[in-house]
Structure formats: structure tokens, C-alpha cells
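Just so you know, we're using my numbering here: the sequence shown kicks off at 5 and counts up by one.
Cβ coordinates follow ideal geometry from the N, Cα and C atoms, glycine included.
The block underneath contains the structure these notes are about, expressed in C-alpha cells.
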Amino acid sequence: MISTLRAGLARGGIELKQTLTTPSDLSSYLIPALILFATIFFQRDAHVPGTSFSLGASTLPGVFGMGIAFGSLLTVAQLLTVEREDGTLLRAKATPNGMGGYLAGKAVLVGGMTVVSLLLQLVPGLFLVDGLRVSATGWFILLWLVPLGFLATMPLGAVLGSIFDNPRNMALVTLPIFGLVALSGIFYPITGFPGWLQAIGQVFPIYWLGLGMRSVFLPDSMALVELTHSWRHLETFGVLAIWTVVGLGLAPAVLRRMARRESGSAVAARRQRAMVTVNR
Numbered sequence: 005m006i007s008t009l010r011a012g013l014a015r016g017g018i019e020l021k022q023t024l025t026t027p028s029d030l031s032s033y034l035i036p037a038l039i040l041f042a043t044i045f046f047q048r049d050a051h052v053p054g055t056s057f058s059l060g061a062s063t064l065p066g067v068f069g070m071g072i073a074f075g076s077l078l079t080v081a082q083l084l085t086v087e088r089e090d091g092t093l094l095r096a097k098a099t100p101n102g103m104g105g106y107l108a109g110k111a112v113l114v115g116g117m118t119v120v121s122l123l124l125q126l127v128p129g130l131f132l133v134d135g136l137r138v139s140a141t142g143w144f145i146l147l148w149l150v151p152l153g154f155l156a157t158m159p160l161g162a163v164l165g166s167i168f169d170n171p172r173n174m175a176l177v178t179l180p181i182f183g184l185v186a187l188s189g190i191f192y193p194i195t196g197f198p199g200w201l202q203a204i205g206q207v208f209p210i211y212w213l214g215l216g217m218r219s220v221f222l223p224d225s226m227a228l229v230e231l232t233h234s235w236r237h238l239e240t241f242g243v244l245a246i247w248t249v250v251g252l253g254l255a256p257a258v259l260r261r262m263a264r265r266e267s268g269s270a271v272a273a274r275r276q277r278a279m280v281t282v283n284r
């Protein structure tokens, strides 16, 4: 077990170093950050309804939470589908304890990529956006919110990635997740939505990650525009913990089933379908 984790950590570290030294990959970190700050700039004169607080400053912490969910859900799912098609997953399956090391490596890679993206948004945001602050309590919240956010969403990303064996079908996952973001109060207070949409948004981790991040970076007075007029830290911890239990309970069985179905003929068939699609 220890050797498997050590191999996974080493693999993830190598892959993370590669992505951080590849120009095309670096652009995928920088461009979203630039788009985010451009959006906040154009929102500088807008205010959260019922307050004088900048809508842009209110949006930024929610985007931090959304970044954790996106990194864990979509990136993990995309990596699994792509590496099923190119045979990487089959090669991992063929080596002793290969699947364990593979999954540990992906956790390190995705976690590292997400943290880098967050830092590229967080550090400039603290200097460029008025109204953001982090108290000692806020740092404590971050210590449990970020790891719990990864645990609540990364297994779900693995489950989603195991469903599809064609990367071109990932739009079937991406579009609903964007819909959940719209319902989760990331870009606009959830209190502005009808009650039934509020209920749907609160079922999933994205809302709670956004709420938790807002509680870290926004003044306590901004809790008045949230549901129940509070930051609901206990509820945030509880919902994310429930999703962690669900994901960790479901993901291993789904991934084992996916690994059993991997074979040379299955990989060859997927490659053939991909070539046919490209040649059309």
C-alpha cells in the first residue's frame, strides 16, 4: 500500500511538473484568470442587491469554490476518458498495483493543477479587488474546506469519467455542470432564484463550496444576503462530508468495474472509432 502511494505521488509530481512547464498548458491556467478579472472589472460599478458591496468582489470568492469543483469533477472525468481511449489506463491495469498508483497520481495532478489555478486568481484578487479579507477564522475554514471540497468532488469526477469511453461525449457532463453553476449562486445571489431552484442548487457541492469561500473572504455583514442570513458552516461541512462518503463509497466499485472491462481489443475499437470521426 505504501509503495503504491509512493509510486502514485511520484507519478503525479512528474505529470504536474510537465504541465507547469508546457506553454500550451500554462495558457489554460492564465487565460481563465484573465477572463475572470476582466469580468470583475466590468462588474465594478454593479452592487449586490440591497447592499453597497461590489458584485465583482462578491463573485470572486464563489469562483474560487467553483474552481475546486470544476477541477475535481471535469478534469478528473476528462483525464479518465482520454486515457481510456489512448490505452494509458490499460497499461496501468497490467502492472502490479498499477490502478492504485494511477489513481493516486491523478489525485496529485488534479489537486496540484487546481491549487495553481486558485493561486493565480487568489493572489492578484487580494490586491486588486476591494473588500476581500481573510481573518484567522477564515484561514481555519480554508484548512478544512479545500481538502473536504476535493474529497467531495474528485470521486464524483472519477465516476463520471468511468461512464463515458469517448472524450467527445464529455459535453453530456459539462453542460449539466454549467447548469448547476448557474443555480449555485456563484455569479449572482441564490436568493434571487425561485425556491425550487434554490433547493436544487443546495443539493450539490458547488453551492456549498461557493458559500464556504464567501464566508472566508467577505465581511460578515454579507451573510445577510445569503439564505438564512448566515454562513452555515456546519451545514457546509455536513453536506460536503455526505458527498465525500457517497463518492468514496461509489467510486471504487465503479472504477473496478471499468478496469475489468479494459482490454486491448476495447482500446483498439475506441481508437478505430476516433479515427473514423476524425476522417469524416
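Do you know how far the Cα of residue j is from the Cα of residue i?
| i | j | result |
| --- | --- | --- |
| Val163 | Leu176 | 14 angstroms |
| Leu149 | Asn101 | 31 angstroms |
| Val229 | Leu124 | 28 angstroms |
| Gly54 | Arg236 | 20 angstroms |
| Gly205 | Leu30 | 32 angstroms |
| Asp134 | Ala61 | 7 angstroms |
| Ser56 | Met158 | 37 angstroms |
| Val52 | Leu93 | 47 angstroms |
| Glu87 | Tyr106 | 11 angstroms |
| Leu9 | Gly189 | 37 angstroms |
| Ser234 | Met226 | 9 angstroms |
| Asp169 | Leu136 | 42 angstroms |
| Pro256 | Ala96 | 16 angstroms |
| Gly161 | Asn173 | 14 angstroms |
| Thr288 | Lys110 | Absent from the model: residue 288. The displayed extent of the chain is 5 to 284, so no value can be given. |
| Phe191 | Ala42 | 14 angstroms |
| Val67 | Asp90 | 32 angstroms |
| Ala263 | Phe131 | 46 angstroms |
| Ser28 | Ala50 | 34 angstroms |
| Gly104 | Thr118 | 21 angstroms |
| Thr232 | Pro193 | 13 angstroms |
| Ala140 | Arg218 | 15 angstroms |
| Thr99 | Leu252 | 23 angstroms |
| Leu2 | Thr85 | Nothing in the structure corresponds to residue 2, since the chain is present only between 5 and 284. |
| Asp224 | Ser32 | 33 angstroms |
| Val258 | Arg265 | 11 angstroms |
| Arg260 | Val243 | 26 angstroms |
| Gly69 | Leu146 | 11 angstroms |
| Ala245 | Pro36 | 29 angstroms |
| Pro198 | Glu239 | 21 angstroms |
| Phe241 | Gly142 | 14 angstroms |
| Pro65 | Thr195 | 17 angstroms |
| Val122 | Ala11 | For clarity, residue 122 is Leu in the given sequence; the question names Val instead. Between Leu122 and Ala11, the C-alpha separation is close to 26 angstroms. |
Determine which residues share a DSSP beta bridge with residue i and list them.
| i | result |
| --- | --- |
| Ser58 | His51 |
Kindly indicate if chain B contains any beta-carbon less than 8 angstroms away from that of residue i.
| i | result |
| --- | --- |
| Val150 | The chain inventory of the structure shown lacks chain B, comprising one protein chain alone. |
Since residue i contacts residue j with CB under 8 angstroms, what's their CB separation in whole angstroms?
| i | j | result |
| --- | --- | --- |
| Gly221 | Val127 | Residue 221 is actually Phe in this sequence, not Gly. Actually they do not touch by this definition, with Cβ atoms about 13 angstroms apart. |
| Leu38 | Gln47 | Between Gln47 and Leu38 the Cβ distance is about 15 angstroms, and since that is not below 8 angstroms, they are no contact. |
| Phe4 | Leu184 | Coverage of the chain is limited to positions 5 through 284, which leaves residue 4 absent and any answer about it impossible. |
| Leu77 | Ile181 | 6 angstroms |
| Val112 | Leu13 | 6 angstroms |
| Ala156 | Gly16 | At roughly 20 angstroms, the Cβ-Cβ gap does not stay under 8 angstroms, so Ala156 and Gly16 are not in contact. |
| Thr248 | Leu152 | 7 angstroms |
| Gly116 | Leu20 | 4 angstroms |
| Leu201 | Leu187 | 6 angstroms |
What are the start and end residues of each continuous alpha helix (DSSP H) run of 4 or more residues lying completely inside the region 92-149, in chain order? You should have 92-98 and 102-132.
Are the region 70-87 and the region 156-170 in contact at 8 angstroms, needing three or more beta carbon pairs? Contact holds: three or more Cβ-Cβ distances are below 8 angstroms.
Counting pairs of Cβ atoms below 8 angstroms between the region 211-223 and the region 67-79, do you hit three or more? Contact holds: three or more Cβ-Cβ distances are below 8 angstroms.
Runs of 4 residues minimum, wholly inside the region 173-250: which ones carry the alpha helix (DSSP H) assignment? Secondary structure remark: continuous alpha helix (DSSP H) runs of at least 4 residues inside the region 173-250, in chain order: 175-187, 199-207 and 209-221.
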